[in-house]
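Going letter by letter, the sequence shown gives residues 96 to 409 in our numbering.
By construction, the Cβ of each residue, glycine as well, lies at the ideal position given by its N, Cα and C atoms.
Below: one structure, written as C-alpha cells.
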Amino acid sequence: MPRPDPVEPQAVTSPLTRAAVFLVLTIEPGGEDAVRDVLADVQGMARAIGFRNVEASLSCVVGIGSAAWDRVYGGARPAYLHPFAEIRGERHTAPATAGDLFLHIKAEQLDLCFELASRVTQRLHGSATVVDEVHGFRYFDRRDLLGFVDGTENPVGRAVDAALLVGDDDPDFAGGSYVVIQKYLHDLAAWNALSVEQQEAAVGREKLSDIELPDEAKAPGAHTALTSIEDADGTELQILRDNMPFGSVSGGDGSGEYGTYFIGYTRDPAVIERMLRNMFVGDPPGTTDRLLEVSTAVTGSLFFVPTVDRLEGE
C-alpha cells in the first residue's frame, strides 16, 4: 500500500533476531516533556550503539499507549489507538495491564540490546518507570519453548507493508503501525506429558517439519485454525509476529518461569483482537485455543508505533 513521502517507519519490518529486550514503562506525573525528548533521541542512540557492530542489526521500536499519547503528544490521535481491552471467556482470560510506553529492542547480540536498554532507562529515570522487563532469546531453529517453529505465517515481500503499515485510511499517521503485546507463561510439565500427536493437534502443525495440517485434519480449538482469519471477501488477514521465548531455571528442578513473549505488529489492531477473541472465547464460542490449557496470559497492552519522523518531531 503506498504511503506519502517523506515518512520513515520504525523498524517493525526488520528481520527476526537472536536476542531482544522488551520494556514496558509507565510515565510519572510531570514526566511528559522529558519522555518526549528521550523518545526523539532513541533512534540516534540505537545508531550510535549499533555502529560498534553493524552486522548485529541493533534496532529499537517505540510504541505509545492510548492515555500516554494524549499526555505526551496531544492533538490528533491515530484512528485505532485505544486501551487494550480484557478478553474474558468462560475458562480463559486475556488480561489488560498497565503500559504507557513499549520498547522493543532487538539485535543478533544481547549485549547491544542491554546497552541500549540501559542507556534509555537511565535517560528516563524519574520520568518513566519500568513495570515489565523481559529478555528474549532465539531457541534452536526459531522454535518456542513448546518445541514448535514460531512466526511461520508472517507476511513476506510486498505483503509486509500492506499488513503492517497504516496507509490512506489514516493519512495523518501513514507509515505508522500498531503493536499488541502479551506475556504467556507455560506449564512445560503438563505440555511435555502430552504425546507428540496431542501437541500437533493443539497447534495444528507437524512438530518436526513445521508443515501445517490440512484444514479438514485440524482438531477443534487448534491454534492455527483459530488465528487464521479472513476479511469479508475471503482474503487472509496477516500480522507480523516477532515472538521470543524467555525463561529462568531458578531452583534447578524445572520450576522456573518459562514462556513466550507475544508481539504482533499490524496496521489495524482489530485483526489481532479478533484472533485473541477466537482463542480466549472460542470460534464457535466454547471452542477455545488448546494451547491455553498449558499457557496463561499474564500481561496485555496495545500501543501505536509512530514513524521516526513523528518521534523526532519533524
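Residues bridged to residue i [DSSP beta-bridge criterion]
i: His318; result: Looking at the DSSP assignment, His318 forms no beta bridge with any residue, so it has no partner.
i: Asp227; result: Val119
i: Thr382; result: DSSP output for Thr382 lists no bridge partner at all.
i: Arg183; result: Thr188
i: Phe398; result: Val274
i: Tyr353; result: Gly342
6 Å CB neighbourhood of residue i in its chain, flanking five on each side removed
i: Pro99; result: Low local confidence applies: a pLDDT of 44 at Pro99 is under 50, so the model's placement there is unreliable, and no value is given.
i: Ile276; result: Ile358 and Ser396
i: Ser390; result: Tyr279 and His281
i: Arg218; result: Val133
i: Val244; result: Arg237, Arg238 and Asp305
Burial state of residue i (16 or more Cβ within 10 Å)
i: His318; result: buried
i: Pro97; result: In this predicted model, Pro97 has a pLDDT of only 45, less than 50, meaning its place in the structure is not dependable; the value taken from the coordinates is given anyway. Label assigned to Pro97: exposed.
i: Asn373; result: buried
i: Pro364; result: buried
i: Gly299; result: buried
i: Glu185; result: exposed
i: His220; result: exposed
i: Asp328; result: exposed
i: Asn287; result: exposed
i: Glu127; result: buried
i: Gly252; result: exposed
i: Glu292; result: exposed
i: Glu295; result: buried
Cβ shell of residue i (< 7 Å), same chain only, five flanking positions each side left out
i: Thr112; result: Ser152, Lys201, Ala202 and Glu203
i: Ser345; result: Gly351
i: Ile367; result: Val275, Ile334, Gly359 and Thr361
Cβ-based neighbour list, residue i, same chain, cut-off 8 Å, excluding 5 preceding and 5 following
i: Glu331; result: Ser323, Ile324 and Glu325
Supposed contact pair residue j and residue i - C-beta distance, whole angstroms, cut 8 Å
i: Ile182; j: Leu371; result: 5 Å
i: Val157; j: Arg131; result: Contact flag wrong, Cβ pair sits at about 11 Å.
i: Pro401; j: Leu335; result: Pro401 to Leu335, Cβ: 17 Å. No contact.
i: Ala129; j: Ser222; result: 4 Å
i: Thr382; j: Pro309; result: 18 Å between Cβ atoms; not a contact.
i: Thr394; j: Asp227; result: 6 Å
i: Phe232; j: Pro340; result: 6 Å
Cβ of residue i within 9 Å of any chain C Cβ
i: Pro173; result: The displayed structure is made up of one protein chain only, and chain C is not part of it.
With three or more beta-carbon pairs closer than 8 Å as the criterion, would you say the segment 187-194 touches the segment 105-122? The answer is yes - the segment 105-122 touches the segment 187-194, with three or more Cβ pairs under 8 Å.
Sufficient close CB pairs (3 or more, under 8 Å) joining the segment 169-183 to the segment 259-276: yes
Are three or more beta carbon pairs between the segment 253-261 and the segment 376-393 nearer than 8 Å? no
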